[in-house]
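Undergrad: Mind having a look at this structure? Questions to follow.
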Amino acid sequence: MRIDVLTIFPDYLAPLELSLVGKARQSGLLDLAVHDLRAWTTDRHRTVDDTPFGGGAGMVMRPDVWGTALDAVLGDDADDGGTVLLVPSPAGEVFTQRAAEELAGARRLVLACGRYEGIDARVAEHYASRPGVTVREVSIGDYVLNGGEVAALVVVEAVARLLPGVVGNPESLVEESHGAAGLLEYPVYTKPPAWRDLPVPEVLTSGHHAKVTRWRRDRALERTAARRPDLLERLAPEALDREDRRV
Ligand code: 6GU
């Protein structure tokens with residue numbers, strides 16, 4: 223997959239050189255470039271923003287600068303399709319594991335990180351009508367950040383770990399929170415078996431595989447009911463078995 227990130231703070235994206243995403247880039251599984259939006263400004267002050275039409279506080283990012291930058295980064299290649307233009311915004315659709323799975327199937331992602339009060343709305347409108355490009359405005363949760371950069375880090379990491387070969391053991395993708403089961407993950411334990419008067423739940427050291435599986439399922443259901451009842455309500459009825467309904 224090819225990913226381009228456009229931002230006025232390229233250094234904000236430095237963590238993408240580390241850990242799993244960094245390794246995916248080094249091994250060629252992920253082709254990722256970060257671009258400084260100001261490279262496409264033409265004035266002496268390298269201006270990217272201006273005051274909002276209609277008045278109000280803050281500044282809005284100019285569509286002309288974004289248009290020049292996105293045209294250059296998208297190139298003719300976008301016409302081939304499979305390009306998703308992601309615009310991080312607190313006003314976007316909520317970014318979920320399902321969205322990450324969808325995006326992992328794209329050929330190219332381009333992330334346009336806005337600052338200030340956001341990007342002139344005509345930018346998203348314009349590229350939505352460009353053949354081969356799908357525009358998605360995404361929010362990473364119900365709180366406000368100073369710009370789209372942290373959200374871009376979140377999206378890139380969530381998508382990159384789903385690409386074939388990026389996560390060493392693909393089985394670790396199966397049993398996780400927000401995974402296929404639609405439940406939060408069960409609690410996990412490792413050595414030592416007793417720590418500060420806290421023992422590891424006995425069933426986990428019993429060697430009884432079926433009992434371990436049932437215990438984990440019960441804890442996942444319990445946690446989800448306590449912390450994210452909305453997830454339980456969204457489960458299809460057939461996703462719960464007869465044993466589940468006791469919890
Ligand atoms: Cl994507 N951007 C900003 N500025 N704030 C956010 C966000 C994005 N998602 C949640 N809050």
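Each residue of the sequence shown is one higher than the one before, starting from 223 at the first, in our numbering. Cβ coordinates follow ideal geometry from the N, Cα and C atoms, glycine included. Computed from a predicted model, the values in this text were never measured in an experiment.
Would you say L367 and A374 are within 8 Å of each other, going by their C-beta atoms?
TA: No, the Cβ-Cβ distance between L367 and A374 is not below 8 Å.
Undergrad: Please tell me whether, using a cut-off of 7 Å, the distance from the CB of I341 to the nearest non-hydrogen atom of the ligand 6GU is below it.
TA: No, the beta carbon of I341 sits no closer than 7 Å to any heavy atom of the ligand 6GU.
Undergrad: Can you give me the C-alpha to C-alpha distance between A343 and A313, rounded to a whole angstrom?
TA: One C-alpha to the other measures close to 12 Å.
Undergrad: Cβ of G404 within 8 Å of Cβ of L443?
TA: The answer is no: Cβ separation not under 8 Å.
Undergrad: Rounded to the nearest angstrom, what separates G250 and P237 at their Cα positions?
TA: The straight-line gap from Cα to Cα measures roughly 17 Å.
Undergrad: Any contact of the stretch 345-359 with the stretch 403-422, i.e. 3+ C-beta pairs under 8 Å?
TA: Not touching, per the Cβ criterion.
Undergrad: Leaving out five residues on either side along the sequence, give the residues of the same chain with a beta carbon under 6 Å from the beta carbon of H267.
TA: Excluding positions up to five away in sequence, the list is empty.
Undergrad: Taking the continuous alpha helix (DSSP H) assigned at H431, which residues delimit it?
TA: Run containing H431: H431 to R449, per the alpha helix (DSSP H) assignment.
Undergrad: Determine the extent of the beta strand (DSSP E) in which L254 is found, giving its start and end residues.
TA: First-last of the beta strand (DSSP E) with L254: D253 to D258.
Undergrad: Please classify S428: does DSSP put it in a helix, a strand, or coil?
TA: Coil at S428, not helix or strand.
Undergrad: To the nearest angstrom, how far is it from the Cα of V434 to the Cα of E339?
TA: Cα to Cα, the separation comes out at about 50 Å.
Undergrad: If we count the other Cβ atoms within 10 Å of its Cβ and call it buried at 16 or more, is D226 buried or exposed?
TA: It counts as buried.
Undergrad: Taking 8 Å as the cut-off, decide whether the C-beta atoms of R330 and R224 are in contact.
TA: Result yes, Cβ atoms of R330 and R224 sit closer than 8 Å.
Undergrad: Between the stretch 228-237 and the stretch 259-266, are three or more C-beta pairs nearer than 8 Å?
TA: These segments touch.
Undergrad: Going by beta carbon distance, what residues of the same chain come within less than 8 Å of V360, once the five residues before and after it are set aside?
TA: Hits under 8 Å: L308, V309, P310, S311, G314, E315, V316, F317, A321, A373 and V377.
Undergrad: Given 7 Å as the limit, tell me if P415 has its C-beta closer than that to any heavy atom belonging to the ligand 6GU.
TA: No, Cβ of P415 sits at least 7 Å from all heavy atoms of the ligand 6GU.
Undergrad: If you follow the alpha helix (DSSP H) that V345 is in, where does it begin and where does it stop?
TA: That run of the alpha helix (DSSP H) goes R344 to A350.
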